[in-house]
């Protein structure tokens with residue numbers, strides 16, 4: 320008897336047992352097949368990379384969530400990926416190096432130093448799709464439609480899609496000539512929607528009263544589609560960069576609605592939490608059953624530059640474990656046929672036939688008679704029994 | 320222009336690009352389906368665990384190949400798994416905690432601090448099957464047959480199966496009362512088949528001349544099936560433990576040959592390298608194309624004890640990346656249909672229909688005419704073109 324409980328797992332780390340694993344594997348296959356049917360090609364990036372490529376363009380948050388280890392071969396620091404998007408961007412820019420549009424997808428393990436939220440796994444399975452080489456909103460429309468289809472196929476009820484734009488806040492910050500410290504204070508206060516604090520910061524840091532007013536409008540621009548009209552009005556006199564970004568958003572809304580039909584679409588022009596490397600339009604899917612985004616994505620156009628080739632880029636990802644948990648679909652595991660343990664050639668042949676027809680055949684090891692066993696304890700609902708010279712499924 | 324080549328990957332770490340990834344994913348699904356058809360249930364253990372559970376019963380080699388990191392939540396040491404067998408044993412003993420036979424399988428990432436051999440990946444994808452709760456050789460026979468079937472399904476040519484027994488060497492060591500240092504010197508010399516060194520060690524450390532002779536026989540017992548008869552003769556006067564182990568081996572050979580028919584079966588009674596936690600019968604599959612075992616397994620009966628429940632256990636695993644590399648089967652990726660980018664409802668409907676029929680439909684983003692594009696650059700071989708009011712695949 321040992322006093323160490325060796326079966327205890329770290330917080331936010333979990334085993335997935337057979338019935339849940341079956342659900343997860345079924346979803347994994349269906350969703351990768353869905354991505355494939357839209358032209359997205361599977362890639363398998365490595366679990367570990369040198370830090371200086373793994374964290375190119377990543378936020379501080381992603382950096383802090385990445386486990387670091389020393390490479391015993393080179394002596395350099397490596398990171399265990401907390402995300403696959405940056406790896407896919409490296410593959411597009413360098414390893415594949417194709418001209419034109421490239422569509423990639425993946426479903427793979429990542430690791431986080433700390434849970435990213437309450438009840439959140441530190442060992443998620445990231446499933447995602449990324450589209451490179453196309454700068455217009457047509458790519459974003461395709462990805463938002465694919466994200467919606469992914470959640471529909473996975474059986475996630477009550478999905479709400481929220482659109483935003485990382486560029487508007489950034490454009491205002493740049494026009495107001497805020498330094499990095501003031502920007503990060505403001506960003507942080509905006510994420511908490513701490514209106515008094517924001518007003519105080521703006522009064523201290525921003526001289527231009529029109530710009531100050533635009534900031535104050537921005538942080539209140541969240542809600543249904545009417546937000547878009549309110550934003551056009553509030554930013555009518557804003558810089559060309561800001562109005563161009565609003566027009567992009569309107570284009571995307573038009574494209575998505577034409578393709579998806581009725582849709583629960585919302586806007587939040589200053590909700591920027593959790594966007595790790597995004598530069599433009601961002602989109603996320605929420606459901607009442609889950610406190611965080613179920614799926615999330617957007618544009619991250621300049622990232623490929625660090626890998627030798629700047630490429631337009633947009634994509635989204637989700638966590639298969641969360642999908643399996645929220646899915647309302649039933650995934651029943653087929654029950655098997657219990658067969659005796661004998662080396663009779665006729666039995667070997669029969670079992671092999673049944674298995675190649677897709678049946679599950681479980682061998683009862685030992686000499687007990689199959690007829691006397693409660694097959695349900697072996698996850699079976701039938702038996703293989705010899706009648707005369709023939710083996711019959713009963 | 321930066322001087323850091325951010326696309327360089329560490330040694331033994333590789334991207335898997337679409338055509339290879341398709342092959343790997345196809346093999347993954349087929350082999351998990353094969354395991355399922357034999358009654359093995361999928362589990363998904365976490366990528367990371369506390370070290371004191373992850374390395375229970377593991378060899379020093381497995382320990383040295385495991386990356387260690389500090390858990391920021393608990394302050395305890397965690398390891399990133401280098402193997403899944405021990406995790407499966409923990410799940411059987413504790414998380415599942417079922418009575419009777421339990422069959423588990425998995426296909427998942429592991430990570431190694433250093434490559435385990437020349438040209439060996441540090442980020443393998445381990446695929447394996449484990450059988451718990453059955454102590455007789457019937458379980459080993461089933462696993463050897465499943466291992467052979469796995470390699471056959473994967474299209475690996477020229478497979479040779481090698482059987483051994485970790486227990487014979489251990490029994491002789493125990494009878495000779497060798498201390499840990501002498502045992503490890505001898506073990507190491509035996510693995511190098513350094514016969515002069517072995518003879519010297521035996522002359523110095525082993526008094527009993529019969530025992531010394533048995534050691535000398537053991538290290539020469541490798542080759543075809545005649546080895547088994549030679550072993551029976553050499554160990555005729557050996558302890559009951561040794562003869563029982565030889566009888567187990569004979570039983571297994573009989574069982575496997577009856578089920579698999581013609582088979583390239585070999586024996587090596589002292590090749591024990593790379594068996595990390597095994598206690599009894601061991602088996603491995605080799606092919607001329609690959610310098611190391613393609614698949615490997617055996618008995619590790621006492622491991623569950625550390626997790627609260629001692630259980631008979633036997634299993635094997637292989638690396639999906641190696642299988643994909645050695646496979647002689649062709650896996651062709653289906654080509655797609657190129658469709659224009661339009662939000663016409665009739666097009667949306669047609670594309671959605673084609674995709675749900677299993678077709679791959681790639682949208683040509685932008686306004687270019689589908690008829691003017693070289694479809695092969697988009698991995699397509701057909702186009703979707705509007706003729707009158709109908710969309711036709713051409």
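Protein chains in written order, with the working numbering: chain A, 320 to 713; chain B, 320 to 713. Using N, Cα and C, we set each Cβ at its ideal position, and we do this for glycine too. Quick caveat, the model's predicted, so the values are computed rather than measured.
Please work out which residues of its chain come closer than 6 Å, Cβ to Cβ, to residue i, disregarding the five sequence neighbours upstream and downstream, and give them in chain order.
{"i": "residue 652 of chain A", "result": "341"}
{"i": "residue 356 of chain B", "result": "none"}
{"i": "residue 571 of chain B", "result": "456, 459 and 460"}
{"i": "residue 537 of chain B", "result": "588 and 589"}
{"i": "residue 628 of chain B", "result": "412"}
{"i": "residue 378 of chain A", "result": "595"}
{"i": "residue 516 of chain B", "result": "508"}
Who are the Cβ neighbours of residue i in its own chain at under 8 Å, not counting the five residues just before and after it?
{"i": "residue 696 of chain A", "result": "none"}
{"i": "residue 626 of chain B", "result": "372, 375, 408, 409, 412 and 413"}
{"i": "residue 681 of chain B", "result": "655, 656, 657, 658, 697, 698 and 699"}
{"i": "residue 478 of chain B", "result": "467, 470, 471, 583, 604, 605, 606 and 613"}
{"i": "residue 320 of chain A", "result": "Note on residue 320 of chain A: pLDDT 37, under 50, position unreliable in the model; the coordinate value appears next. Excluding residues within five positions, none has a Cβ falling inside 8 Å."}
Ignore the nearest five residues each way along the sequence and tell me which others in residue i's own chain have a CB closer than 7 Å to its CB.
{"i": "residue 386 of chain A", "result": "398, 399, 430 and 432"}
{"i": "residue 474 of chain B", "result": "646, 647 and 648"}
{"i": "residue 339 of chain B", "result": "643"}
{"i": "residue 569 of chain A", "result": "547"}
{"i": "residue 579 of chain A", "result": "464 and 467"}
{"i": "residue 684 of chain A", "result": "660"}
{"i": "residue 351 of chain B", "result": "361, 424 and 426"}
{"i": "residue 712 of chain A", "result": "656, 701 and 703"}
{"i": "residue 550 of chain B", "result": "540, 565 and 588"}
DSSP three-state call for residue i: helix, strand or coil?
{"i": "residue 371 of chain A", "result": "helix"}
{"i": "residue 320 of chain B", "result": "The predicted position of residue 320 of chain B is uncertain, since its pLDDT is 37 and thus under 50; a value taken from the coordinates is nonetheless stated next. DSSP places residue 320 of chain B in coil when its eight states are reduced to three."}
{"i": "residue 541 of chain B", "result": "strand"}
{"i": "residue 640 of chain A", "result": "helix"}
{"i": "residue 449 of chain A", "result": "strand"}
{"i": "residue 512 of chain A", "result": "coil"}
{"i": "residue 525 of chain B", "result": "coil"}
{"i": "residue 660 of chain B", "result": "coil"}
{"i": "residue 648 of chain B", "result": "coil"}
{"i": "residue 328 of chain B", "result": "coil"}
{"i": "residue 333 of chain B", "result": "coil"}
{"i": "residue 706 of chain A", "result": "strand"}
{"i": "residue 573 of chain A", "result": "helix"}
{"i": "residue 654 of chain B", "result": "coil"}
{"i": "residue 442 of chain B", "result": "coil"}
{"i": "residue 712 of chain B", "result": "strand"}
Chain-ordered residues of the segment 378–394 of chain A with a beta carbon less than 7 Å from chain B: 386, 388, 390, 391, 392 and 393
Assess contact between the segment 477–487 of chain A and the segment 577–593 of chain A, defined as three or more Cβ pairs (one per stretch) separated by less than 8 Å. Is contact present? yes
Threshold first: 3 residues or longer. Then list the beta strand (DSSP E) segments lying entirely within the segment 352–435 of chain A, N to C. Within the segment 352–435 of chain A, the complete beta strand (DSSP E) runs of at least 3 residues are 367–369, 386–389, 396–399 and 421–428.
Only counting runs of 4 or more residues, tell me where the alpha helix (DSSP H) segments fall wholly within the segment 462–500 of chain A, in order along the chain. Entirely contained in the segment 462–500 of chain A, the alpha helix (DSSP H) runs reaching 4 residues are, in chain order, 485–494.
Uninterrupted beta strand (DSSP E) stretches inside the segment 674–698 of chain A (no shorter than 3 residues): 680–683
Along the segment 645–670 of chain B, what residues have a CB closer than 7 Å to any CB found in chain A? 655, 660, 662 and 667
Check whether the segment 439–452 of chain A touches the segment 593–601 of chain A, counting contact only when three or more Cβ pairs, one atom from each stretch, lie closer than 8 Å. In short, these stretches do not touch, since the Cβ pair count stays below three.
Anything in the segment 612–631 of chain B with a Cβ closer than 8 Å to a Cβ of chain A? List those residues in chain order, please. 625, 626 and 627
Taking any Cβ of chain A, which residues in the segment 565–592 of chain B have a Cβ under 7 Å from it, in chain order? 574, 577 and 578
Is it the case that the segment 419–426 of chain A contacts the segment 347–364 of chain A, given that we only count it when at least three CB pairs across the two stretches are under 8 Å? Pairwise C-beta distances place the segment 347–364 of chain A in contact with the segment 419–426 of chain A, as three or more of them are shorter than 8 Å.
Going residue by residue through the segment 577–643 of chain A, where are the continuous beta strand (DSSP E) segments of at least 3 residues, counting only ones entirely within it? 584–587, 600–606, 609–618 and 632–638
Short-range partners of chain A found in the segment 327–353 of chain B, where Cβ spacing is below 9 Å: Listed by position along the chain: 327, 328, 329, 330, 331, 332, 333, 334, 335, 336, 337, 338, 339, 340, 341, 343, 344, 348, 351, 352 and 353.
Chain B contacts from the segment 455–474 of chain A (Cβ-Cβ distance under 7 Å): Using a CB distance below 7 Å, the part of the segment 455–474 of chain A facing chain B consists of 455, 457, 458 and 461, ordered along the chain.
Do the segment 628–642 of chain A and the segment 500–512 of chain A meet, that is, are 3 or more Cβ pairs less than 8 Å apart? Short answer: they don't touch.
With 8 Å as the C-beta to C-beta threshold (strictly closer), list the residues of the segment 367–378 of chain A near chain B in chain order. From the segment 367–378 of chain A, only 367, 368, 369, 371, 372 and 375 have a Cβ closer than 8 Å to chain B.
If we count Cβ pairs, one from each stretch, closer than 8 Å, do we get three or more for the segment 655–669 of chain A versus the segment 488–503 of chain A? no
By the 7 Å beta-carbon criterion, what residues does the segment 401–420 of chain A contribute toward chain B? 409, 410, 413, 414, 415, 419 and 420
Can you list, in chain order, the residues of the segment 539–568 of chain A whose Cβ is nearer than 8 Å to any Cβ on chain B? Using a CB distance below 8 Å, no part of the segment 539–568 of chain A faces chain B.
If contact means a Cβ-Cβ distance below 9 Å, which residues of the segment 428–451 of chain A contact chain B? Hits within the stretch, in order: 428, 429, 430, 432, 433, 434, 440, 441, 442, 444 and 450.
What residues from the segment 681–692 of chain B come within 7 Å of chain A, judged by C-beta to C-beta, listed N to C? 681, 682, 684 and 685
Against chain A, which members of the segment 695–709 of chain B pass a CB distance test of less than 9 Å? Identification of residues in the segment 695–709 of chain B having a C-beta nearer than 9 Å to some C-beta of chain A yields 696, 697, 698 and 699, given in sequence order.
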